[in-house]
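Only one structure is covered here, and it is reproduced in the block below.
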Amino acid sequence: MTSSDDPGAGFLAGLGPRLPSPLHEVLDGRFERHGVRLLLKRDDLIHPELIGNKWRKLAPNLHEAAGRTVLTFGGAYSNHLRATAAAGRLLGLRTVGVVRGQELAARPLNPSLARCAADGMRLHFVERSAYRRKTEPDTLAAVLRAAGAEDAYVVPEGGSNAAAVRGCRALGAELAGHTDVAAVACGTGGTLAGMAAGAGDGMRVLGVPVLKGGFLTGAIRALQTGAFGGPRGDWSLEDRFHFGGYARTTPELEAFAEDFEHRHGVPVERVYVAKLLCALVALAEEGAFPRGSTVAAVITGRPFPEHRAGGPSAPPPGSPAPHPPTR
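Per this note's numbering, the sequence shown starts with residue 35, numbered consecutively.
The following block contains the structure:
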């Protein structure tokens, strides 16, 4: 990715990103017996703290912030909040994280929010009802006033806006010519929207939503329209692999992720990446990929902290799943 592709890339060049991110083949009998090659696009190795699609989305937004305080939104276990906080520390920028759930203000910070605070992010907790309306102009203005950040540059939850989508275009360009299908897990759809735009002819982009609801098709179209003026690329969604919804999992998915880690030595993030990889294995078994084709899975993140069963990268067993990203 060059600065002409994304102004934010030059802005953050001093942080030493590994771009393009590594792309390598893994040998997995579940694909090989169907004549399919599996590649892993290791976006989790771009930067030790600004990982994967978080780098690609944040770089152009931080450039546009032009030194102003950056305010963004997330839940109690938000990867996006942690990445924004880390960027603030690394670049000397003030950051404010608006956290869903006023009740959390009176509780000890979980490891994810504690990391945000340690990186200098000022946390502002809001009622869940207000959080759901945060894109409404009056509600947003009230949140900014209450947070003492009326002049802040606002990045949406998950980081998906037109600038971020344009930043993710380079991901598709890096994969073009190397694979027939490029697959990515989807929350808000911004990574897929940009990736499909950069893919060019001859490469199909497959999104695996990690939320229930079937709303992403319209969201991705809207993001592409905002970023590029209209639809771009050959993309589709496979929505059977959300495993119950955002941040929800099952013993089968956990066993699958542990097995994949053992087979290939790749840490598997559970909220997004495990569902993506599980979907690709199932699709290969179903014959969804023609014999002789190549499939690339984008590894958009890694566990925080390094995954341990029952660790703080997910809510404690029996607790409600975190609210999904804004649609």
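The beta carbon of each residue, even a glycine, is placed where N, CA and C say it ideally should be.
C-alpha gap between residue i and residue j, whole angstroms
i    : j    : result
A140 : E320 : 49 Å
P82  : P337 : 12 Å
G228 : S163 : 31 Å
A281 : R179 : 31 Å
D214 : S327 : 6 Å
F65  : A318 : 6 Å
P324 : G63  : 16 Å
A151 : E295 : 30 Å
R166 : H68  : 45 Å
E303 : E288 : 10 Å
T259 : T222 : 15 Å
E161 : A100 : 30 Å
A316 : A322 : 9 Å
L127 : H212 : 37 Å
T106 : R116 : 11 Å
W89  : L125 : 13 Å
L138 : F159 : 7 Å
A110 : P339 : 14 Å
F249 : N95  : 25 Å
A204 : E98  : 18 Å
L49  : L157 : 25 Å
S146 : T251 : 30 Å
A175 : A291 : 42 Å
R149 : P142 : 12 Å
D293 : V70  : 20 Å
K91  : W269 : 19 Å
E300 : T173 : First, the residue type needs correcting, since residue 300 is Val and not Glu in the sequence shown. Rounded to the nearest angstrom, the two C-alpha atoms are 42 Å apart.
E286 : A181 : 42 Å
E170 : D273 : 28 Å
L257 : A47  : 26 Å
Contact set for residue i: own chain, Cβ-Cβ below 8 Å, skip 5 residues either direction
i    : result
A217 : V239, L240, G241, V242, L310, A313, L314, V329, A330, A331, V332
M155 : L115, T118, A119, G122, T129, V130, G131
H58  : L73, L74, R76
Where residue i sits in the DSSP three-state scheme
i    : result
F277 : coil
L240 : strand
G108 : strand
F323 : coil
V70  : coil
E59  : strand
L157 : strand
L130 : A small fix is needed here, since residue 130 is Val in this sequence, not Leu. It is a strand residue.
L271 : strand
A216 : strand
K309 : helix
V177 : helix
T284 : coil
E330 : The residue you asked about is not Glu; residue 330 is Ala in the sequence shown. A330: strand per DSSP, three-state reduction.
V300 : coil
K75  : strand
CB-CB length for residue i against residue j, believed under 8 Å
i    : j    : result
T225 : T334 : 7 Å
V307 : A219 : 6 Å
F275 : T284 : Rounded, the Cβ-Cβ distance is 11 Å, inconsistent with contact.
A93  : V130 : At roughly 19 Å, the Cβ-Cβ gap does not stay under 8 Å, so A93 and V130 are not in contact.
H114 : G192 : 5 Å
A261 : A210 : Not confirmed; about 18 Å, so no contact.
A230 : G206 : 6 Å
Beta carbon proximity, residue i to chain D, threshold 7 Å
i   : result
R64 : Absence of chain D from the displayed structure is noted, only one protein chain being present.
Top-ranked residue by Cα proximity to residue i, from the options
i    : options                : result
A233 : T251, E208, G221       : E208
D153 : G279, T118, A93        : T118
N144 : D77, S112, T169        : S112
G247 : R266, L271, L84, L46   : L271
P54  : V70, H68, G63, G86     : G86
G135 : H68, M155, G108        : G108
G267 : L245, G236, A289       : G236
L245 : L46, V305, H97, F159   : V305
K168 : L205, W89, R156, V189  : V189
D78  : A204, N195, R52, E191  : R52
A253 : A204, P142, S194, M155 : S194
Same chain only: Cβ atoms within 7 Å of residue i, ignoring 5 sequence neighbours per side
i    : result
V60  : L72, L74, H298
A355 : Because the pLDDT at A355 is just 46, under 50, the model does not fix this residue reliably, and the value given afterwards should be weighed accordingly. Closer than 7 Å at Cβ, skipping near neighbours: G279, Y280, A281, R282, P349.
A186 : R102, T103, V104, L105, V130, L178
R255 : P265
P56  : R76, L79
Residues of its chain near residue i, where Cβ-Cβ distance is below 6 Å and the 5 sequence neighbours each way are ignored
i    : result
V133 : L157, F159
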